[in-house]
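Residue numbers (this note's numbering): 1 to 699.
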Ligand code: 3H9
């Protein structure tokens, strides 16, 4: 396949790129562009058009090349060649011009785009910054503040907004190439000058004096712990203060530093991990999916209501079923309230809210589910209750309807057995709040049909979730790994830590919240009730949850009761350390025969993270997850794990499995606890001196 073609149409040279799927700027593409622009300098053309085949304009540098030895010409070389062209080069944009793609367009002398196109500089989402002039050229067109918004958020903007910000010059109607040709002819007729963005100077007086400091402060909270966002501010500041040659050098240095960082490596890993997670081994793209045009949801609580919102947001009508009129009304009110909050925040218009609400129909009668294509059960977390719901569904639902359970822990196979159609039963585990959280664990029962899995995967993408396939086990991937993590948090507390120390260690390390603060947020009664239903083995030694249990028995249920591990200010909900909790911990430690001691931050971090890793290794060896990167996706998208550490299994690979194995063996020896026995897979991989990623790729 020819990746770059150059042809002459009348007085115009058309450089056409075709590098599926997203025209990433791989080496052949870069070389082809340079050759075409150079050749065009001495032919009869008067202007050049840079256009792409396929679904999109250039979506950026080829991320897969970042781990390889760079090959000339580099992207900055390409940019320089285009910008130095003696004939105007016009970028014709459709789809998404992202990262290096937008930087290439910014090197062109004019830019036109379809109204449906989007442009953006999303490098920050990969732990990077635009490394081919984006931080220098974008502010020269948009001004410093808009450039900071664009580059530090990484969010793409519409063609319309790009036009307003001067990032593009013209929106073309109809077919892109004809529109671009007409635009080029017009520019030639107007004798339009060679407009080079690099020649624009930014007047420092036009930039508010404290803009950069304010931005740095804002980002130290919004992007806590991340290197790239702060460096972006440095580069945009350089665009204001220095000539472009200096600014480009500063940008290049910062880009290389980010590219080599473990943060970017982790975020690049996450980019591919997210896409890989949607692929199910043994179920190809050709597998037919079932049409899902309507959905029934059973249970109008916070979970059911949140799940319903996902579907109506994309135009799929929902029947929300509750046992009583009163419960139903409560559920519908909850959904209405959520939408009203979005309207207040300006994220939704009143009209959009009404459209969404109009798609939800309430019912208290199972017969109303007779025609829906899929039902999702989100009732109380109890196996018998869930089984009786599925028995009912089996009676009323049409053949071929997918019957899904939103269970967090229960055995999907036992639920499926309550029906005559286990092949149609699957777990769809949403995370709370279900209208916000991106993760969707898709749980495959022993008899779930392939097309039910394929349909669920496709549906997840449609409702903008990130799906990960899991097989059946207690807690599936995410909650199963949460248990040992929670156990270590409890034990560190009993053995010498304080809630504040444990939460601070994990939060400083990058978690959205520490484990005990999360407990308070979710409600300590939830874990308490879950433990009531557990076997003695599942619960572990009595000392493990003695403090958590005592708090619940004191009616300290967390934020909702104003007190848990912490006290909460009734107005601001601010967390306040409570000395009474420490006294309680000390009493329980004594009663359990645990001598409290100094416990270091390092020990807390190691025990909590290694507890995840060891369980993750068991999940892999048992085949519960398809690959180690799926576990990373679960943790980053569902549990507030910092993307810049790449998920627990990538983190383990980064440390090195020999070191992880050695430390876990040491914990095993020190504690004598069987749960610290290193997972067999961890032991094998450590001895082979390989890692989870490599093992996943070959298994
Ligand atoms: C950059 O540009 C740095 C420069 O500033 C400086 C350099 C010096 N490279 O997402 P999809 C693959 S950094 C390689 O499912 P969609 C992707 O893995 C880059 N591969 O499609 C997948 O492969 P597979 C800045 C890439 O329609 C396939 O394409 N740019 C790249 O849902 C389809 O992807 C970005 O960060 C890439 N750049 O979404 C943009 N992009 O089929 C990253 C995609 O084997 N890309 N692939 O799983 C995106 O945001 C989305 O892919 C896009 C399409 C919106 C374009």
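Where a beta carbon is used, it is the ideal one built from N, C-alpha and C, also for glycine.
This one's a predicted model, so the numbers in the text were calculated from it and none came from an experiment.
Start-to-end residues for the beta strand (DSSP E) that takes in residue 430: The continuous beta strand (DSSP E) containing residue 430 extends over residues 425-430.
Could you check the C-alpha separation between residue 481 and residue 140 for me, to the nearest Å? Residue 481 and residue 140: Cα-Cα distance of roughly 48 Å.
For residue 212, the nearest candidate out of 143, 635, 587 (CA to CA): Considering only 143, 635, 587, the residue with the shortest C-alpha distance to residue 212 is 143.
Just to confirm the assignment: which complete alpha helix (DSSP H) runs, minimum length 4, are found wholly within the segment 15-42? The alpha helix (DSSP H) runs lying completely inside the segment 15-42 and spanning 4 residues or more are 27-40, given in chain order.
With distance defined between alpha-carbon atoms, name the residue in 123, 407, 185 nearest to residue 66. Of 123, 407, 185, the residue nearest in Cα terms is 123.
Alpha-carbon spacing of residue 109 relative to residue 88, whole angstroms: Rounded to the nearest angstrom, the two C-alpha atoms are 6 Å apart.
Report the residue from 536, 613, 517 whose alpha carbon sits nearest the alpha carbon of residue 576. Considering only alpha carbons, the answer is 517.
Report the residue from 185, 674, 132, 694 whose alpha carbon sits nearest the alpha carbon of residue 100. It is 132 whose Cα lies nearest to the Cα of residue 100.
Comparing the CB of residue 131 with every heavy atom of ligand 1, is any distance shorter than 7 Å? Residue 131 has its Cβ nearer than 7 Å to a heavy atom of ligand 1.
On a Cα-Cα basis, can you pick out the residue from 199, 299, 627, 61 that is closest to residue 389? Selection 199, 299, 627, 61 evaluated against residue 389 yields 299 as nearest (Cα-Cα).
In angstroms with no decimal places, state the Cα-to-Cα distance between residue 11 and residue 216. One C-alpha to the other measures close to 49 Å.
DSSP three-state call for residue 327: helix, strand or coil? Under the three-state reduction of DSSP, residue 327 is assigned to helix.
On the DSSP bridge list, what partners appear for residue 118? When DSSP reads this structure, residue 118 sits in a beta bridge with 96, 158.
So is the beta-carbon of residue 702 under 7 Å away from any non-hydrogen atom of ligand 1? Only positions 1 to 699 of the chain appear in this structure, which leaves residue 702 out of reach.
Measure the alpha-carbon distance for residue 351 versus residue 628 and round it to whole angstroms. C-alpha separation (whole angstroms): 43 Å.
Considering Cα atoms alone, identify which of 526, 433, 461, 469 is closest to residue 442. It is 469.
For residue 46, does the three-state DSSP call read helix, strand or coil? Residue 46: coil per DSSP, three-state reduction.
Looking only at its own chain, which residues have a Cβ that is under 7 Å from the Cβ of residue 173, when we skip the five neighbours before and after it? Result list for residue 173: 179, in chain order.
Cutting at 6 Å between CB atoms, please list the residues of its own chain near residue 552, excluding the five before and the five after it. 524, 525, 528.
Cβ-Cβ separation, residue 386 to residue 364 (assumed contact under 8 Å), whole Å: Contact between residue 364 and residue 386 is ruled out by a C-beta separation of about 19 Å, above the 8 Å threshold.
If we ignore side chains and look at the alpha-carbon of each, how far apart do residue 593 and residue 494 end up? Residue 593 and residue 494: Cα-Cα distance of roughly 10 Å.
Beta-carbon separation of residue 656 and residue 632 under 8 Å? No, Cβ-Cβ distance for residue 656 and residue 632 is not below 8 Å.
Is residue 237 helix, strand or coil by DSSP? In the three-state reduction of the DSSP assignment, residue 237 falls in the helix class, which pools H, G and I.
Inside the segment 401-450 only - beta strand (DSSP E) runs reaching at least 3 residues: For the segment 401-450, whole beta strand (DSSP E) runs of length 3 or above, ordered along the chain, are 402-405, 425-430, 439-444.
Which residue wins for smallest C-alpha separation from residue 522, given the options 563, 539, 540, 507? Cα-wise, what sits closest to residue 522 is 563.
Can you list, in chain order, the stretches of the beta strand (DSSP E) that have 3 or more residues and sit fully within the segment 140-210? Complete beta strand (DSSP E) runs here, min 3: 170-172.
Around the Cβ of residue 226, are there at least 16 other Cβ atoms within 10 angstroms (buried) or fewer (exposed)? The residue is buried, with at least 16 neighbouring Cβ atoms inside 10 Å.
Just to check, is the beta-carbon of residue 275 closer than 7 Å to a non-hydrogen atom of ligand 1? Residue 275 has its CB nearer than 7 Å to a heavy atom of ligand 1.
Per DSSP, which residues does residue 467 bridge with? Please list them. Paired residues: 440.
Between the alpha carbons of residue 329 and residue 397, how many angstroms are there, rounded? Their backbone Cα atoms lie some 24 Å apart in a straight line.
Buried or exposed for residue 339, going by 16 or more other Cβ atoms inside 10 Å? Per the 10 Å Cβ criterion, buried.
Decide if residue 572 is buried, meaning its Cβ has at least 16 other Cβ atoms within 10 Å, or exposed. Around the beta carbon of residue 572, fewer than 16 other beta carbons sit within 10 angstroms, so the residue counts as exposed.
Taking 7 Å as the cut-off, is the C-beta of residue 304 nearer than that to any heavy atom in ligand 2? Absence of ligand 2 is noted for the structure shown, with ligand 1 being the only ligands found.
Is it true that the segment 369-385 meets the segment 342-358, where meeting means three or more beta-carbon pairs spaced less than 8 Å apart? The segment 369-385 is not in contact with the segment 342-358.
Use the C-beta contact count for residue 39: other C-beta atoms within 10 angstroms, 16 or more gives buried, fewer gives exposed. Under this definition residue 39 is an exposed residue.
Give a single yes or no on whether residue 266 has its beta carbon closer than 7 Å to a heavy atom of ligand 1. Residue 266 Cβ: outside cutoff for every heavy atom of ligand 1.
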